[in-house]
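Have a look at the structure below before the remarks.
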Amino acid sequence: PEVPSCPIRRGLTLTLDLALSSVNLNYFAALKRNLDLNNRSMDGHSYFLDNHRVKVFETFLQPAQVLPMHSHVPHVRYCWSAASNKHGWKDGSTSVVVDKVGDWEYRSELEHSVENVGTAPIHSLIFEFKSVFPSSYRHQHSEEQLRKLFESVVMVYDNQHTRLYEVALQPGKEVTVPKDFPHALVFNKGSAPVCFVSGSNELLTVNPRSVGFFDKGGVVVRSGGNTVLCWMELPPSSASKL
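Under my numbering, the residues of the sequence shown are numbered -7 to 234, in order.
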């Protein structure tokens, strides 16, 4: 079978280093690790953030490495590298997917093995969803609302698990997140740190190639330079679990 995928966008070429942060503050819960991917061996999955709404982890495979048969709930995947993935399926068939830097991919529930059949490392960031939006749910993050806040807004996905946007931030400009913008996951895929501030208190800095989670609005977003945030609305805590 073919991998159910939908590459959306090819974007920035980024170096293979990753920093994900761990903080527990009034509005935020995040997990931080500093990884030097050039100087350490990494196999399979490395987990970075796991809460009641989403699990975020990295997949890193060197050429010719194989990740044995495993399963995923519905998820999206962001491609850090250009690489070739050979998927093995339960019925014995295989298929090859070629990643491009900056691609997003949505996949439904699946079970597969992965082999790196190219010459470059496979490096992905995966967001697994733990619930679905109720059928009567009113989305708090609309494209129109976000366009009032950010310079550029691109919708990547809108489905039963997430509403995902890429938004551009410019240095020196402050964005105030409305108080009715709860439970968002933010992923900084750009090159400048982004600070979330309440009054005179800096609550969290989301560094380049970092992920942060917050469950209340009313904060100010400041960027240290031109960057791109991936803004992911998730189902509320009362939503049905997968």
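Think of the CB as a built atom: it goes at the ideal place given N, C-alpha and C, for glycine as much as any other residue.
Exercise. Would you call the region 123 to 130 and the region 103 to 114 touching, i.e. three or more CB-CB distances under 8 angstroms?
Worked result: no
For this session: Give the DSSP-derived three-state secondary structure of R139 in the structure shown.
Result: The count along the sequence shown starts at 1 and reaches residue 139 at position 147. R139 falls in the helix class under three-state DSSP.
Exercise. Do S300 and S232 have their C-beta atoms closer together than 7 angstroms?
Worked result: With the chain running from -7 to 234 in the structure shown, residue 300 is simply not present.
For this session: Would you mind stating whether S202 and N180 have Cβ atoms separated by less than 7 angstroms?
Result: What you label residue 202 is simply residue 210 of the sequence shown in a count that begins at 1. What you label residue 180 is simply residue 188 of the sequence shown in a count that begins at 1. Contact flag set, yes.
Exercise. In whole angstroms, what separates the C-alpha of K171 from that of S134?
Worked result: As a working mapping, residue 171 is identified with position 179 in the sequence shown. As a working mapping, residue 134 is identified with position 142 in the sequence shown. Going from the Cα of K171 to the Cα of S134 covers about 14 angstroms.
Exercise. For C71, which of T51, S100 and T154 has the nearest alpha-carbon?
Worked result: Position 79 of the sequence shown holds residue 71. Comparing Cα positions, the closest option is T51.
Exercise. Looking only at its own chain, which residues have a Cβ that is under 7 angstroms from the Cβ of Q54, when we skip the five neighbours before and after it?
Worked result: Mapped onto the sequence shown, residue 54 falls at position 62. If we look at Q54 and ignore the five residues flanking it on each side, its Cβ neighbours are N108 and P113.
Problem set entry | Backbone CA spacing between V148 and C222 [nearest angstrom] | Locating residue 148 in the sequence shown gives position 156, counting from the first residue. Locating residue 222 in the sequence shown gives position 230, counting from the first residue. For V148 and C222, the distance between alpha carbons rounds to 9 angstroms.
Exercise. Which runs of the beta strand (DSSP E) fall wholly inside the region 36 to 120 and span at least 3 residues, in chain order?
Worked result: 36 to 42, 46 to 53, 58 to 64, 67 to 71, 76 to 80, 86 to 90, 96 to 99 and 102 to 108
Problem set entry | L156 - DSSP class collapsed to helix/strand/coil | Within the sequence shown, residue 156 is the residue found at index 164, counting from 1. Here L156 sits in strand by DSSP.
For this session: Report all residues from its chain with a CB closer than 8 angstroms to the CB of L161; omit the five preceding and five following residues, and keep chain order.
Result: Taking the sequence shown and counting its residues from 1, the one referred to as residue 161 is at position 169. Closer than 8 angstroms at the Cβ level, and outside the excluded window around L161, lie F142, E143, V167, G182, A184, V186, V213, S215, N218, T219, V220 and L221.
Exercise. Alpha carbon to alpha carbon, what distance is there between G80 and V88?
Worked result: On the sequence shown, residue 88 is found 96 positions in, with the first residue counted as 1. On the sequence shown, residue 80 is found 88 positions in, with the first residue counted as 1. Approximately 9 angstroms between the Cα atoms of the pair.
Problem set entry | Inter-residue Cα distance where the pair is D91 and S76 | Taking the first residue of the sequence shown as 1, we reach residue 91 at position 99. Taking the first residue of the sequence shown as 1, we reach residue 76 at position 84. Distance between the alpha carbons of D91 and S76: 6 angstroms.
Problem set entry | For S105 and V211, the rounded distance between their alpha carbons | The residue labelled residue 211 in the question sits at position 219 within the sequence shown. The residue labelled residue 105 in the question sits at position 113 within the sequence shown. Each residue's Cα considered, the two are about 42 angstroms apart.
Exercise. Leaving out five residues before and five after L102 in sequence, what residues of the same chain have Cβ atoms less than 6 angstroms from its Cβ?
Worked result: Here residue 102 refers to the residue found at position 110 of the sequence shown. Contacts found: H64.
Problem set entry | As assigned by DSSP and simplified to three states, the class of K165 | For the purposes of this step, residue 165 is taken as residue 173 along the sequence shown, with counting starting at 1. In this structure, K165 counts as coil in the three-state DSSP scheme.
Exercise. Which residues does DSSP pair with D150 in a beta bridge?
Worked result: For the purposes of this step, residue 150 is taken as the residue at position 158 of the sequence shown. Looking at the DSSP assignment, D150 forms a beta bridge with R155.
Exercise. Per DSSP, what kind of secondary structure is N218 in: helix, strand or coil?
Worked result: Here residue 218 refers to the residue found at position 226 of the sequence shown. DSSP places N218 in coil when its eight states are reduced to three.
Exercise. Where does K233 sit, in a helix, a strand or coil, going by DSSP?
Worked result: Here residue 233 refers to the residue found at position 241 of the sequence shown. It is a strand residue.
For this session: Could you check the C-alpha separation between V146 and H44 for me, to the nearest Å?
Result: What you label residue 146 is simply residue 154 of the sequence shown in a count that begins at 1. What you label residue 44 is simply residue 52 of the sequence shown in a count that begins at 1. For V146 and H44, the distance between alpha carbons rounds to 27 angstroms.
Exercise. How would you label E136, buried or exposed, when you count the other beta carbons within 10 angstroms and need 16 or more for buried?
Worked result: Stepping through the sequence shown from its first residue, residue 136 is reached at position 144. Label assigned to E136: exposed.
Exercise. My guess is that V48 and F40 are in contact by the Cβ rule of under 8 angstroms, so how many angstroms apart are they, rounded?
Worked result: Residue mapping note: residue 48 aligns to position 56 of the sequence shown, counting from 1. Residue mapping note: residue 40 aligns to position 48 of the sequence shown, counting from 1. About 5 angstroms separates the two Cβ atoms, so the contact holds.
Exercise. Contact check, R99 vs P66 under 8 angstroms by CB: the rounded distance?
Worked result: Numbered from 1 along the sequence shown, position 107 holds the residue referred to as residue 99. Numbered from 1 along the sequence shown, position 74 holds the residue referred to as residue 66. The Cβ separation is near 7 angstroms, so the contact holds.
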